[in-house]
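Okay, so the sequence shown: first residue is 1 according to the UniProt record's numbering, each after it adds one.
Virtual Cβ for every residue (Gly too), placed ideally from N, Cα, C.
Have a look at the structure below before the remarks.
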Amino acid sequence: MAHGLRHKFSCISRKCLAIKEMVFQLQRECYLRHNLCSAAKENVAVMVEMIHFQDLFPKGPYVELVNILLSCGEEVKEALTRSVRLQCEQNWGA
């Protein structure tokens with residue numbers, strides 16, 4: 001749901017900071033309400049596959065997803081960090 005909202009409002013949110021912040025808040029609430037961390041812990045590999053290095057720039061709702069995932073415990077954090085580091089090395093070299 002949050003991902004869909006991001007796409008629907010991406011054009012508008014670039015022009016209006018209030019809309020952008022509203023979408024961020026809705027995204028955070030959605031992730032917390034639906035216990036994203038529980039899903040991430042049970043499906044670490046799937047969550048890691050969803051995160052693509054090139055989507056981390058510029059800062060936006062996708063980065064908010066990554067920040068929430070990084071707070072979901074050491075196993076999720078380490079897997080995510082390892083994946084992003086590997087993607088970075090593949091894009092820019094070691």
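Among the options, nearest to residue i - alpha-carbon criterion
{"i": "Gln27", "options": "Phe57, Met50, Val63 and Ala45", "result": "Val63"}
{"i": "Glu89", "options": "Glu75, Gln54 and Asn67", "result": "Gln54"}
{"i": "Glu78", "options": "Cys16, Lys59 and Ala40", "result": "Ala40"}
{"i": "Glu74", "options": "Val44, Leu17, Cys30 and Cys16", "result": "Val44"}
Exposed unless 16 or more other CB atoms sit within 10 angstroms - verdict on residue i
{"i": "Val76", "result": "buried"}
{"i": "Val46", "result": "exposed"}
{"i": "Leu32", "result": "exposed"}
{"i": "Leu69", "result": "buried"}
{"i": "Leu80", "result": "buried"}
Contacts around residue i, its chain only, beta-carbon distance under 7 Å, and the 5 residues preceding and following it disregarded
{"i": "Asn91", "result": "Phe53"}
Sequence-distant residues of the same chain with beta carbon closer than 8 Å to residue i, five excluded per side
{"i": "Leu56", "result": "Tyr62, Val63, Val66 and Val84"}
{"i": "Cys72", "result": "Leu36, Cys37, Ala40 and Lys41"}
N-terminal and C-terminal residue of the alpha helix (DSSP H) that residue i is part of
{"i": "Leu56", "result": "Where Leu56 is concerned, there is no enclosing alpha helix (DSSP H), given that its DSSP letter is neither H nor E."}
{"i": "Val83", "result": "It should be noted that the sequence gives Ser, not Val, for residue 83. Where Ser83 is concerned, the enclosing alpha helix (DSSP H) stretches over Glu74 to Trp92."}
{"i": "Cys30", "result": "Leu17 to Arg33"}
{"i": "Ser38", "result": "Leu36 to Glu42"}
Cβ-based neighbour list, residue i, same chain, cut-off 6 Å, excluding 5 preceding and 5 following
{"i": "Gln87", "result": "Phe53"}
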